[in-house]
Amino acid sequence: MSRAMRLSVEIDGQERLVTVEPGTEGSSLVTVKWSDRAYEVDVSRLHAGRFSFIIPAFGYVSHEVSCYETESGEVALGIGGRQIKARVADSSRPKRATVFQAGGDRAVTAPMPGRLVRVLVEEDEKVVEGQGLAVVEAMKMENEVSSPADGVVKEVCVVAGESVEAGGVLVVVAAGSLDD
Amino acid sequence: MSRAMRLSVEIDGQERLVTVEPGTEGSSLVTVKWSDRAYEVDVSRLHAGRFSFIIPAFGYVSHEVSCYETESGEVALGIGGRQIKARVADSSRPKRATVFQAGGDRAVTAPMPGRLVRVLVEEDEKVVEGQGLAVVEAMKMENEVSSPADGVVKEVCVVAGESVEAGGVLVVVAAGSLDD
Amino acid sequence: MKILVANRGEIAVRILRACRELGVPSVGVYSECDRRAPHVRQADEAVLLGPSPASESYLNIERILGVVQETGATAIHPGYGFLSENASFARECRSRGLVFIGPDAGVIQTMGGKTAARQAAIEAGVPVVPGTEALPDSLSDEELIAHAGEVGYPLFIKAVAGGGGRGMRRVSGPAGLLAAVEAARSEAGAAFGESTIYFERFLECARHIEVQVLGDDYGTVVPFVERECSIQRRHQKVIEESPSVAVTPDVRKALAEAAVALCNAVRYTNAGTLEFLLDAEHRFYFLEMNTRLQVEHPVTELVTGVDLVHWQIRIARGERLTLDRNKVGTPDGHAIECRVYAEDSDAGFLPSPGKITFMRRPSGPGIRDDSGVESGFEVPVFYDSMISKVVAWAPDRAGAIVRMCRALSEYEIGGITTSIPALVWLLGQKEFNEGRFDTGFLDRVLKDRSGESFSVLQPGETDVAIIAAAVSRYFADADLRTAEVEDVTLTPWRRAARLEGVRRL
Amino acid sequence: MKILVANRGEIAVRILRACRELGVPSVGVYSECDRRAPHVRQADEAVLLGPSPASESYLNIERILGVVQETGATAIHPGYGFLSENASFARECRSRGLVFIGPDAGVIQTMGGKTAARQAAIEAGVPVVPGTEALPDSLSDEELIAHAGEVGYPLFIKAVAGGGGRGMRRVSGPAGLLAAVEAARSEAGAAFGESTIYFERFLECARHIEVQVLGDDYGTVVPFVERECSIQRRHQKVIEESPSVAVTPDVRKALAEAAVALCNAVRYTNAGTLEFLLDAEHRFYFLEMNTRLQVEHPVTELVTGVDLVHWQIRIARGERLTLDRNKVGTPDGHAIECRVYAEDSDAGFLPSPGKITFMRRPSGPGIRDDSGVESGFEVPVFYDSMISKVVAWAPDRAGAIVRMCRALSEYEIGGITTSIPALVWLLGQKEFNEGRFDTGFLDRVLKDRSGESFSVLQPGETDVAIIAAAVSRYFADADLRTAEVEDVTLTPWRRAARLEGVRRL
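Chains as they are written, first to last, in the working numbering: chain A, 11 to 190; chain B, 11 to 190; chain C, 10 to 514; chain D, 10 to 514.
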């Protein structure tokens, strides 16, 4: 616990390079810095993933925050009954590559685990942005998954009745104008 | 998880040599055996230290049991709102030696952490079984610690005002008849 | 009596608690994914039904009746959902000499069909929303248009066998009628195996008001003070309360009388709820009846002091109702219930199943938490996403609202995403606080927000969030760097064992 | 108004909840060992007082008043214990222009001295237990014996400045009197710095009955339906309830009148409690007054619907009492409170501080849990061992008892030993269920048990216990043997990091 750590933290669409420095051995204080800011923070860990922060610069308020990594790799911060999403990465390591995003192909994935009820398109079918591609049922609700862009269905990766995992690819859409 | 384990389990003052055998990979069933008994047990772990056991031999009852090791090394089993104490040891390893118990000297220890309020005896003083030796305060309560046997105070290890840990030795009594 | 609770989640826990309090032995049932669910441990006995899909477990009549036989249960409590309004299941139970804790199978059948229930209400002199009888598929387009004209626009096309908003279409004029009829019939046919529809006038700015009743085997029917359930998202209730700010003592009396008239007419027994629409002129219209316990029954319990589940069981074992009708018809204070769903309200209310890593439930004065999950349990994808109900009581409505806000601020569920942020937002809305809303309110304001997040950082909180994200990651890594892991869930054994290396047999 | 809550544990959480519900900003204070305590997070702001011993933190007047200044608090709620009945602290607050949420300092002083309070009661025409005035240390042995003879045996020697049973001795005849006086004086001197004692008749088979009152600044005093607190271990309350089975409507009326008479006489304001003994002939005698909120106030809240802490704050900010005296003087149903202590009841009720590794709190219909700890918190050795209060409400006493039993069966606190097994045993006692007990009941039955464990395995449970002990150990070790640890508290990060080895900066 005696070494500093540099992290990339993305919240509200903005990325900051944050340094966390521990206090002296046995102290509950850490220093957190980014840009022109430096905060002393009194950290109390209540449970794995649950913290109370007292930040003297912000007065005597005890900020109770829970921090959990979600299935999609984001960090969900529970603050005052709200759920804020963040991305945290060890800045010394390369970022997670974003699959399929580079080329013109878009992988359309299941937003949560469930059962594939219907596939609404076929391979080689032209689709427009927002058009329904497949219906996933979870918790008694049917959820339509729609195309992120205009394009052509390049591949249908699932069949109706199958179970799907969160993030599992349902359909691949080759993006591009329909007039191509 | 694929190997059997042999344990010594002491409950209600009686010791049994118990074998735990895992079921097939991925199964929630284990077999627990001792003496002439063998039970299949459907184990569900809710949390570290918290279990639901369904033991077909005992019907469909789900036994919800919590298991925590106490400061003194015992296992506290929470069963139906009651707290049962047990001792569990890996039978392949030697038992924890009982300090001071072998000779005529008895170490009298603090039953819980606290502050030593008063020492009631002096070195070389004769004491009788049940006689108060020291008073430890914890949680606003004064608790008198008494002699486990007739004997002579051989050593007083603490002074009033000091903090004491659970199990910390307060006084050593050389056991023996007072007429010695 | 020995009761098998043919349900799961919070309502199974609720019923099993009642069994324990009444000293009645209980049997819980569970599907494979529910092995760790709290209701399994709350039951005196717990039996595995089968695989996780409801059709193979909680809806598997044959298997459930098999468990009844194995365990020697003599009664079945169906809860809500699943088999609770299945008349043939109720009939099958009774034919086997089992007590079905609910009304008679014939009553379930009559009141379960929407047009039959409307007909019963009309015969009992209870006003209904203007509408048609069941419209056979054989009707010509002209006949359909004529029926719609009589009802008047805007109107709802509804499935006779409907529920949960399926097979339902709103039509604002004759132009869209025929296409909507087609769509509704097809959806209803797919959902219920029965495509028959009917038309009902759509009442604008109406409230959803309902009356809880209990009836015993000796002809006594007791109506309770009303519940207000107008806060709905897509016809699903989100917040319920009792009493309603819109119901005057006169209307309350008239609602109670209407409820008793209809219940007497069909000889209703056990617990049930009559749903009404109340328009801006304080006129009410019978909508439908739920022949079972409702999700929102706790608000009634808190303003009357009556344990409805205790009474369901007592009525089922032949006791007479001894409630003071005047007392249970008048609210003592005010109660509000918030349904907590495992859903990501910021992502279009997407279901959010998964493992609950930590749970701190609200507590303290005036708060009741009926929950069906706990820390360590994995919320399954197979069933409804409601995981908990928080209920607040206070002497008045404003007090109940602030208490609910306080409770939600204490509620913490780690590992999954819940609707709590959306509830907090909703409780802060001016119209809600002033009691000015109807059944369309929530959908309207949600549309206005067009997907805006319910979890917005307040000024100054961004820095706290950055600190939290960074420090939590720092500690997660630090744990792995240090030999002596300081983890509260690690027992001394495991700590010791980790330090001395892994022991082997 | 901005309130500093000068307390810790469940009562601090209770008061902070009330502040949040009333929209009043709050300041919490804490000692070093309480950094992780729930009250620190429940407060809007939280300030470290100092080291853990109470004298350096929660009793450190100078430091607390310093925090008031730093945070701009304008009022202090002292809770119970600590500074709650310290008249000079109350006076100091008022002299600095702070609102002390409690009665006037002069009233605290008058009613805090036991003999002065007795005198005030006598003057107000309220019956007191036969006894003497304060007996100066200068009295001769003969004079002491004469005073004792007038009071009659058996009698109690009590410390004028007494509390918590210290400086108290029971004497059954003249023989032991003088030695007991000596012992009581010495103990009282050590405990309170004041050795003066007095004699009070010991009433056999009496019950401890108390009356909650609220008084406002405008002369209105409202008495509440009584609480029954006879279930005590060594003068410490263990179970409290409202109403008392022993109090008839006539006695209830007379108790309320006596309470009002005394409060009017001393111009009592804010919350307070008058303690009485009630003998087998339904005669009652004033014992003493607690000039603060009591631990057991929730039972009164549950049978009257009144939030006493809300009213404490409202009275302190000058509001008028608007309670219906008839309503709050008549119980609606029955409420029972069980105090959960961190103690090992099987080891002579030894304190059991330590880290709470898991906590599942009871919930559901009719249950309120007021707790001051949570999972991950280390219960300190420095303060009182009460960690939680469970309160059950039902329409009648028998219903409240079964509900309490149900709640205690759900309550799980891992890592420390608690009094829950002893409470479960107590709730099962025939005399308790029949309402046949007095203040000596619990000590008598405990003596009869002579240390027998409250946690006895029932027939057939021994095998389950052996299985549990072995399997839990098996899994603890198995976790260390397998690479992929299945631990619900392990975040995906840590799981991943563990698998790929420890990352370093």
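We put the beta carbon where it would ideally sit given N, CA and C, even for glycine.
Please report the straight-line C-alpha distance between threonine 205 (chain C) and glycine 122 (chain C), rounded to a whole angstrom. Per the coordinates, the alpha-carbon of threonine 205 (chain C) lies some 11 Å from the alpha-carbon of glycine 122 (chain C).
Can you tell me where the beta strand (DSSP E) with glutamate 284 (chain C) in it begins and where it stops? That run of the beta strand (DSSP E) goes 279-287.
Helix, strand or coil: how does DSSP classify lysine 336 (chain C) here? Note: lysine 336 (chain C) maps to helix in three-state DSSP.
According to DSSP, what are the bridge partners of valine 222 (chain C)? According to DSSP, which records beta bridges pairwise, valine 222 (chain C) is partnered with C:Pro232 and C:Gly281.
Are the segment 179-188 of chain D and the segment 142-149 of chain D in contact at 8 Å, needing three or more beta carbon pairs? Touching, no.
With 8 Å as the limit, tell me which residues of the segment 159-180 of chain B have their beta carbon closer than that to any beta carbon of chain C; keep them in chain order. If you check each beta-carbon in the segment 159-180 of chain B against every beta-carbon of chain C, none falls closer than 8 Å.
In whole angstroms, give me the CA-to-CA distance for glutamate 495 (chain D) and isoleucine 110 (chain D). Because the pLDDT of glutamate 495 (chain D) is 37, which lies under 50, any placement of that residue in the model is unreliable, and the number read from its coordinates should be weighed accordingly. When only Cα atoms are considered, glutamate 495 (chain D) and isoleucine 110 (chain D) end up about 51 Å apart.
Bounding residues of the alpha helix (DSSP H) (the contiguous stretch that carries cysteine 77 (chain B)): Note, cysteine 77 (chain B): premise wrong, no alpha helix (DSSP H); beta strand (DSSP E) at 72-79.
Does DSSP classify alanine 268 (chain C) as helix, strand or coil? Alanine 268 (chain C) falls in the helix class under three-state DSSP.
Measure the C-alpha to C-alpha separation of isoleucine 117 (chain D) and aspartate 226 (chain D) and round it to an integer number of angstroms. Approximately 16 Å, taken between the alpha carbons.
Taking 8 Å as the cut-off, does the segment 259-266 of chain C touch the segment 473-483 of chain C (at least 3 CB pairs, one atom from each stretch)? With the cut-off at 8 Å, the segment 473-483 of chain C and the segment 259-266 of chain C do not touch.
What did DSSP end up calling lysine 364 (chain D) once you bin it into helix, strand or coil? Three-state DSSP puts lysine 364 (chain D) in a strand.
Taking the alpha-carbon of threonine 426 (chain D) as reference, which of B:Cys77, B:Ser54 and B:Gln141 has the nearest alpha-carbon? Taking only the C-alpha atoms, the option nearest threonine 426 (chain D) is B:Cys77.
Determine, using beta carbons only, whether isoleucine 64 (chain B) comes closer than 8 Å to chain C. With 8 Å as the cut-off, isoleucine 64 (chain B) counts as an interface residue toward chain C.
Extent of the continuous beta strand (DSSP E) to which glutamate 65 (chain C) belongs: Counting along the chain, glutamate 65 (chain C) falls outside any beta strand (DSSP E), and DSSP gives it neither H nor E.
Isoleucine 110 (chain C): first and last residue of the uninterrupted beta strand (DSSP E) it sits in: Looking at the DSSP string, isoleucine 110 (chain C) is not in any beta strand (DSSP E), and its letter there is neither H nor E.
Would you tell me roughly how many angstroms separate the C-alpha atoms of glutamate 175 (chain A) and alanine 479 (chain C), rounded to the nearest one? Rounded to whole angstroms, glutamate 175 (chain A) to alanine 479 (chain C) spans 29 Å at the Cα level.
Would arginine 210 (chain D) and valine 260 (chain D) qualify as a contact pair, given that the criterion is a beta-carbon distance under 8 Å? Against a cut-off of 8 Å, the Cβ pair of valine 260 (chain D) and arginine 210 (chain D) comes out as no contact.
May I have the straight-line CA-CA distance separating arginine 116 (chain A) from arginine 128 (chain A), to the nearest angstrom? Rounded to whole angstroms, arginine 116 (chain A) to arginine 128 (chain A) spans 20 Å at the Cα level.
Closer than 7 Å by C-beta to alanine 325 (chain D): which residues in its own chain qualify, once you throw out the five before and the five after it? Chain order, please. Cβ-Cβ distances below 7 Å link alanine 325 (chain D) to Ala84, Val108, Ile110 and Asn279 in the same chain, with the five nearest sequence neighbours on each side left out; the list follows chain order.
Quick one: Cα of histidine 156 (chain C) to Cα of aspartate 150 (chain C), how far? Rounded to the nearest angstrom, the gap between the Cα atoms of histidine 156 (chain C) and aspartate 150 (chain C) is 10 Å.
Per-residue burial, leucine 466 (chain D) [other beta carbons within 10 Å of its own, 16 or more giving buried]: Label assigned to leucine 466 (chain D): buried.
Compare the Cα-Cα distances from valine 525 (chain D) to each of D:Ser380, D:Phe446 and D:Phe91 and report the closest residue. Residue numbering for chain D in the displayed model covers 10 to 514; residue 525 (chain D) lies beyond these limits and cannot be assessed.
To the nearest angstrom, how far is it from the Cα of glutamate 135 (chain B) to the Cα of alanine 193 (chain D)? Here the C-alpha atom of glutamate 135 (chain B) lies approximately 27 Å from the C-alpha atom of alanine 193 (chain D).
Distance check for valine 269 (chain D) and valine 14 (chain D), CA to CA, integer angstroms please. Using only the alpha carbons, I get a separation of about 28 Å.
Using a Cβ-Cβ cut-off of 7 Å (strictly less than) and excluding sequence neighbours within five positions of threonine 448 (chain C), which residues of its own chain qualify? Around threonine 448 (chain C), the same chain offers Ala215, Arg216, His217, Ser239 and Gln241 as residues with beta carbons nearer than 7 Å, after the five sequence neighbours per side are excluded.
Could you give the residue range of the alpha helix (DSSP H) that holds aspartate 115 (chain A)? It is not in any alpha helix (DSSP H) - aspartate 115 (chain A) instead sits in the beta strand (DSSP E) that spans 115-119.
Helix, strand or coil, according to DSSP, for aspartate 378 (chain D) in the structure here? The three-state reading of DSSP puts aspartate 378 (chain D) in strand, counting E and B together.
When burial is assigned at 16 or more other CB atoms within 10 Å of the CB, is asparagine 442 (chain D) buried or exposed? That one is exposed.
Candidates C:Leu287, C:Arg377, C:Ala52 and C:Ile410, of which the one nearest glutamate 440 (chain C) by Cα: It is C:Ile410.
Neighbourhood of leucine 187 (chain C) by C-beta distance below 6 Å, restricted to the same chain and skipping five residues each side: Excluding residues within five positions, the ones whose Cβ falls inside 6 Å are Asp150.
Between which residues of its own chain and phenylalanine 98 (chain D) is the CB-CB distance below 7 Å, once the five residues before and five after are set aside? Hits under 7 Å: Ile70 and Leu92.
Closer than 8 Å, CB to CB, is serine 380 (chain C) near chain D or not? When Cβ-Cβ separations below 8 Å define contact, serine 380 (chain C) makes contact with chain D.
Any C-beta of chain C under 8 Å from that of tyrosine 78 (chain A): Answer yes: the Cβ-Cβ gap between tyrosine 78 (chain A) and chain C drops below 8 Å somewhere.
For serine 394 (chain C), tell me which candidate among C:His306, C:Thr300, C:Val308 and C:Ser354 has the shortest Cα-Cα distance. Comparing Cα positions, the closest option is C:Ser354.
Leaving out the 5 sequence neighbours to the left and right, which residues in its chain are closer than 7 Å to glycine 81 (chain C) when beta-carbon positions are compared? Within the same chain, Cβ atoms closer than 7 Å to the Cβ of glycine 81 (chain C) are found at Lys11, the five residues on either side in sequence being excluded.
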